[in-house]
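Chemist: Got a structure for you, written out below as structure tokens; questions coming shortly.
Number of protein chains: 2
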Amino acid sequence: MYGAGHSGRLYGPHLLDEKVMSQKIVPVILSGGSGSRLWPVSRSSYPKQFWPLLTERTLIQETALRGVRAELSAPIVICNSEHRFIVAEQLRDVGVENARIMLEPVGRNSAPAIAAAAFLVAETDPDAILWIMAADAAITDEAALYASLEHAVSAAAEGRIVTFGMKPTRVETGYGYIESGAPLSGLDGVFEVSRFVEKPDAATAEAFFRDGRYLWNSGMFVTQAGVFLSEIKTFEPEIYEHVGQAVQTRHSDLDFDRLDDASFRQAPDISVDYAVAERTKRAAVVPGTFGWSDIGSWDALWDLSPKDDAGNATFGDVFLDAAKNCYVRSDGIVATVAGVEDLVVVVTQDAVMVSHRDRAQDVKHMVSRLKKAGRKEAVAHNRMYRPWGFYESLIQADRFQVKRIVVEPGQKLSLQKHFHRAEHWVVVGGTALVTRDTDQIMVRENESVYLPLGCVHRLENPGRIPLTLIEVQSGPYLGEDDIVRIEDVYARN
Amino acid sequence: MYGAGHSGRLYGPHLLDEKVMSQKIVPVILSGGSGSRLWPVSRSSYPKQFWPLLTERTLIQETALRGVRAELSAPIVICNSEHRFIVAEQLRDVGVENARIMLEPVGRNSAPAIAAAAFLVAETDPDAILWIMAADAAITDEAALYASLEHAVSAAAEGRIVTFGMKPTRVETGYGYIESGAPLSGLDGVFEVSRFVEKPDAATAEAFFRDGRYLWNSGMFVTQAGVFLSEIKTFEPEIYEHVGQAVQTRHSDLDFDRLDDASFRQAPDISVDYAVAERTKRAAVVPGTFGWSDIGSWDALWDLSPKDDAGNATFGDVFLDAAKNCYVRSDGIVATVAGVEDLVVVVTQDAVMVSHRDRAQDVKHMVSRLKKAGRKEAVAHNRMYRPWGFYESLIQADRFQVKRIVVEPGQKLSLQKHFHRAEHWVVVGGTALVTRDTDQIMVRENESVYLPLGCVHRLENPGRIPLTLIEVQSGPYLGEDDIVRIEDVYARN
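Take a look at the structure:
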């Protein structure tokens with residue numbers, strides 16, 4: 001009944017059929033996750049949508065490219081302000097140059113985020129259709145996805161708010177469900193929604209799996225901007241009011257649309273399911289079988305990954321011996337795993353996580369414990385991305401710290417000074433233009449410069465290749481907060 | 001019958017009784033192990049005897065202190081030439097200033113090593129008694145050890161070659177066994193040896209465990225130097241000849257006795273068991289129950305370590321959640337372990353090892369694979385100890401490397417030069433005296449100096465506190481072998 005396949009035209013020049021293509025379809029990518037479930041790789045400073053977990057591209061890159069391949073309109077990405085440069089850089093990296101990046105001053109769950117995108121689109125075209133999706137889901141069968149999208153768009157064009165329901169491939173207690181009802185007349189592949197169901201217990205999930213009418217709630221929606229807003233106005237007038245205000249009074253910050261903080265902050269923290277999907281009379285569902293997963297645990301990632309004959313999925317510098325059904329990943333030092341079954345072993349530059357696969361979802365408890373213990377490994381990576389490049393600490397001791405700093409061509413750090421530390425910079429690749437008080441000094445590969453405590457300084461890469469330097473800091477206090485920014489091209493405080 | 005306890009005098013001023021104390025007893029510590037069984041902590045560059053695995057002291061320190069506590073003669077340590085500075089430093093560190101350190105130019109198994117010690121002692125006192133032991137065994141009940149030593153010394157004084165046999169505490173296939181025979185008349189706690197038995201299969205080990213006469217061969221011996229040499233002369237005349245020559249023509253190298261390479265190299269590679277113990281008519285055994293273990297695997301170390309209520313032994317920066325009967329150790333980044341049983345997880349600065357406890361002995365296969373793959377992690381640690389202190393690589397890239405170098409007070413590196421790299425030195429602690437071609441430069445904390453490619457240079461710590469510096473190397477080739485030593489106080493090439 002569901003997922004009956006797609007027609008031959010998917011292999012033609014366009015992925016979507018002409019009638020669908022004639023609509024304005026705007027991908028809306030929600031990048032709000034903080035991602036402790038895939039710790040230690042995913043952390044709030046750099047959550048899972050920004051990692052290449054299944055392909056050589058990151059999840060948000062794969063997500064954005066789905067819209068590009070279907071030749072849809074420029075996407076809107078809604079993200080945490082802290083991640084704006086990562087989003088911009090990752091999209092640029094795969095040639096998505098036209099995205100609008102909207103910054104949430106605070107996280108307010110999915111209903112306000114989607115409302116913000118809807119307001120933005122409705123300014124010019126309230127009939128435009130939004131394709132709302134998470135930045136961090138996996139889809140293994142894109143052809144099937146586009147077939148489902150065609151069905152959904154047809155229904156959305158008639159005023160429906162259409163959810164994608166995934167046909168269960170196993171008994172699963174980790175997702176909410178949608179009970180599908182009667183087929184919508186005249187709309188191929190679209191069904192009424194009988195009801196939404198919270199995450200079930202094991203027995204209920206078992207029954208759902210056998211029943212056939214119950215579908216996983218993927219969190220992907222298709223709706224006209226205007227339709228969504230009218231439903232929000234009805235069910236959540238406070239969201240309508242405050243988010244509408246936040247969009248209207250947004251301010252532009254470089255290439256970003258920054259939602260007004262004071263207004264957005266007043267919007268209630270509610271998911272789109274509660275706010276609209278479960279209440280609207282316009283709900284419809286398109287059952288799909290395109291291999292969707294929210295990659296909610298290392299176990300789920302193991303499930304999606306290619307494996308060897310013994311069922312092991314490995315990435316990075318890994319050696320196995322008599323291991324079975326394991327997920328082993330290293331983004332850092334070499335990992336050897338021997339004589340074990342059903343384990344997850346994940347190594348990053350600064351943490352090792354070992355867990356039974358069946359207990360992989362409990363990693364969030366470990367992250368909470370680490371947070372409580374004040375451990376930075378719980379939330380931030382050693383390598384910190386900045387609009388100008390990145391830095392990472394190589395060693396931190398009592399009175400000194402050594403960092404590697406990489407500055408992309410043409411970029412410059414803020415003009416700054418420190419009260420508690422002096423810095424030595426040794427250039428090991430590229431060329432640096434260093435401002436030191438009133439001097440401008442060109443520092444070439446294998447040269448160094450000294451920045452005494454209190455001097456006003458700036459680092460810039462005037463060249464065509466990345467600038468790599470080793471910074472040796474010394475002083476009694478070496479915290480990142482000992483920085484006074486005097487001027488910054490990236491408008492940071 | 002065995003291990004009947006020890007008398008009250010062990011709690012008096014001397015650990016051994018007067019008759020025993022009247023003998024000259026020389027501890028002979030064999031430090032020849034290369035230790036891949038406790039990889040990744042133990043490696044040939046820094047094997048397990050040099051690690052604090054059970055107490056705050058290293059195994060060789062604990063071993064040497066056993067002789068000190070019993071007020072025995074100055075120990076002889078026989079070690080690989082490469083480890084000489086580690087041995088000297090670790091013994092100094094626990095106040096053992098009088099050890100003679102004999103360097104083996106090549107490893108030739110235990111019979112030649114012990115023969116060398118026997119020749120050395122016999123030069124002045126052939127009746128002196130050697131207490132021969134490995135540098136890397138654990139003993140949990142030292143009072144019981146001294147009681148056994150008293151028995152062994154009494155028998156050795158009468159010309160016996162006495163082995164310590166451990167009463168089995170479990171069915172064990174990993175050790176050789178000694179079948180004990182009739183008690184020796186007039187010698188309390190000493191028995192004839194019926195036979196030596198190779199490592200048994202499981203059924204035989206089970207039978208041995210029930211039988212009661214079978215003891216684990218601990219590899220510890222007590223014998224007069226002259227008696228041992230006469231047996232070696234009888235059974236292995238080639239060892240007698242070549243090792244005798246190697247000792248006679250030894251040369252002194254700073255505080256070390258270096259066995260003559262050409263002679264020692266000709267000695268056959270044979271264990272003391274094959275060469276003497278299994279052939280001599282003078283064999284005797286003292287059954288002991290002093291908690292001896294050769295710590296032959298991570299599982300054995302788990303067994304010896306203090307544990308929490310769930311049977312977990314942890315060391316270093318470790319977080320556990322629902323773990324049971326695990327050994328988890330980190331000498332590097334944080335390790336979290338959740339929802340697993342019977343695992344060994346060991347993290348060092350540059351490697352992670354995960355194994356089932358029952359398969360922990362297979363780590364040696366993993367080390368072989370890493371060696372074959374040309375991985376330095378198999379044999380050497382990131383931190384390299386030198387006579388003057390240590391260095392470690394913080395990052396190694398294509399054309400640059402950053403190291404931390406720590407020089408102990410009063411020490412100096414060799415006068416040297418490099419053909420392929422320039423170096424920046426930034427002092428972050430202490431004071432350096434730097435020779436650069438014809439200059440002598442005092443470099444203070446937070447100052448730096450540049451050493452261009454080809455310049456002749458030397459680093460020295462003239463102060464009273466350790467000197468810490470960050471070295472940034474740059475050049476097309478950064479191998480440790482790009483070094484020309486012009487002068488070296490430690491007599492290295």
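Chains as they are written, first to last, in the UniProt record's numbering: chain R, 1 to 493; chain V, 1 to 493. The beta carbon of each residue, even a glycine, is placed where N, CA and C say it ideally should be.
(1) Just tell me which of 429(V), 388(V), 392(V) and 421(V) has its CA closest to the CA of residue 412(V).
(2) With 16 as the cutoff for other CB atoms within 10 Å, does residue 48(R) come out buried or exposed?
(3) Helix, strand or coil: which one does DSSP assign to residue 270(R)?
(4) Give the secondary structure of residue 83(V) by DSSP, where H, G and I count as helix, E and B as strand, and everything else as coil.
(5) So with Cβ pairs under 7 Å, would you call residue 443(R) a contact of chain V?
(6) When the Cα atoms are used, what is the spatial distance from residue 178(V) to residue 119(V)?
(7) Among all the DSSP beta bridges, which residues are the ones paired with residue 217(V)?
(8) Whole angstroms are fine: how far does the CA of residue 488(V) sit from the CA of residue 79(V)?
(9) Can you give me the Cβ contacts of residue 497(R) inside the same chain, cut-off strictly under 8 Å, excluding the 5 residues immediately before and after it?
(10) Assuming residue 502(R) and residue 344(R) are in contact, meaning their beta carbons sit under 8 Å apart, how far apart are those beta carbons, in whole angstroms?
(11) Can you check whether the CB of residue 282(V) is closer than 7 Å to the CB of residue 129(V)?
(12) Who does residue 450(V) pair with in a DSSP beta bridge?
(13) Which residues in the same chain as residue 492(V) place their Cβ atom closer than 7 Å to its Cβ, once the five residues preceding and following it in sequence are excluded?
(14) Might you give, ordered along the chain, the residues of its own chain that have their beta carbon closer than 6 Å to the beta carbon of residue 256(R), omitting 5 neighbours on each side?
(15) Please report the distance separating the alpha-carbon of residue 174(V) from that of residue 357(V).
(16) Please report the straight-line C-alpha distance between residue 478(V) and residue 448(R), rounded to a whole angstrom.
(17) What's the call for residue 7(R), buried or exposed, on a 16-neighbour Cβ count within 10 Å?
(18) I'd like to confirm the pairing. Which residues does DSSP put opposite residue 402(R) in its beta bridges?
(19) Per DSSP, which residues does residue 288(R) bridge with? Please list them.
(20) From the DSSP output, read off the bridge partner residues of residue 58(R).
(21) Suppose you measure from the CA of residue 460(R) to the CA of residue 410(R); what does that come to, to the nearest Å?
(22) Would you call residue 346(V) buried or exposed, if buried means 16 or more other Cβ atoms sit within 10 Å of its Cβ?
(23) Could you check which residue in 221(R), 297(R) and 327(R) has the C-alpha nearest to that of residue 498(R)?
(24) Check each residue of the region 400 to 434 of chain V: if its Cβ is closer than 8 Å to any Cβ of chain R, include it; give the result in chain order.
(25) Mapping DSSP to helix, strand and coil, what is residue 1(V)?
(26) By DSSP's criteria, residue 437(R) is part of a beta bridge. Which residues make up the other side?
(27) Are the region 49 to 68 of chain V and the region 133 to 141 of chain V touching, with three or more C-beta to C-beta distances below 8 Å?
(28) Give me, in chain order, the residues of the same chain whose beta-carbon lies closer than 6 Å to that of residue 464(R); leave out the 5 immediate sequence neighbours on both sides.
(29) Tell me, please, whether the CB atom of residue 34(V) is closer than 7 Å to any CB atom in chain C?
(30) Quick check: what's the CA-CA separation for residue 10(V) versus residue 390(V)?
(31) From the DSSP output, which residues share a beta bridge with residue 467(R)?
(32) Enumerate, from N- to C-terminal direction, the unbroken alpha helix (DSSP H) stretches of 4 or more residues contained entirely within the region 226 to 266 of chain V.
(33) What three-state label does DSSP hand residue 183(V) in the structure shown?
(34) Which residue wins for smallest C-alpha separation from residue 351(V), given the options 248(V), 330(V) and 184(V)?
(35) Along the chain, where does the alpha helix (DSSP H) containing residue 19(R) start, and where does it finish?
(36) Buried or exposed for residue 109(R), please, with buried defined as at least 16 other CB atoms from any protein chain shown within 10 angstroms of its CB.
Modeler: According to the structure data:
(1) 388(V)
(2) buried
(3) coil
(4) helix
(5) no
(6) 27 Å
(7) 165(V)
(8) 22 Å
(9) Lying outside 1 to 493, the shown extent of chain R, residue 497(R) is not represented and no answer is given.
(10) This structure gives no information on residue 502(R), because the portion of chain R shown stretches from 1 to 493.
(11) no
(12) 424(V)
(13) 414 and 485
(14) 84, 101 and 103
(15) 15 Å
(16) 19 Å
(17) Residue placement at residue 7(R) is poorly supported in this model, since its pLDDT is 40, which falls under 50; the coordinates are not used for a value here.
(18) 395(R) and 472(R)
(19) 166(R)
(20) Note: residue 58(R) sits in no beta bridge, so no partner.
(21) 7 Å
(22) buried
(23) Chain R is shown only over 1 to 493; residue 498(R) falls outside these bounds and no answer can be derived.
(24) 400, 402, 404, 422, 424, 426, 428 and 429
(25) Residue placement at residue 1(V) cannot be trusted, given a pLDDT of 35 that sits under 50; the coordinates are not used to answer.
(26) None; residue 437(R) has no bridge partner.
(27) yes
(28) 409
(29) Judged by its chain identifiers, the structure shown contains no chain C, and its protein chains are R and V.
(30) Confidence in residue 10(V) is poor, its pLDDT being 43 and thus under 50, which makes the residue's placement unreliable; the coordinate value appears in the next sentence. Near 41 Å, if we compare the C-alpha coordinates of residue 390(V) and residue 10(V).
(31) 407(R)
(32) 237 to 248 and 261 to 264
(33) strand
(34) 330(V)
(35) 18 to 21
(36) buried
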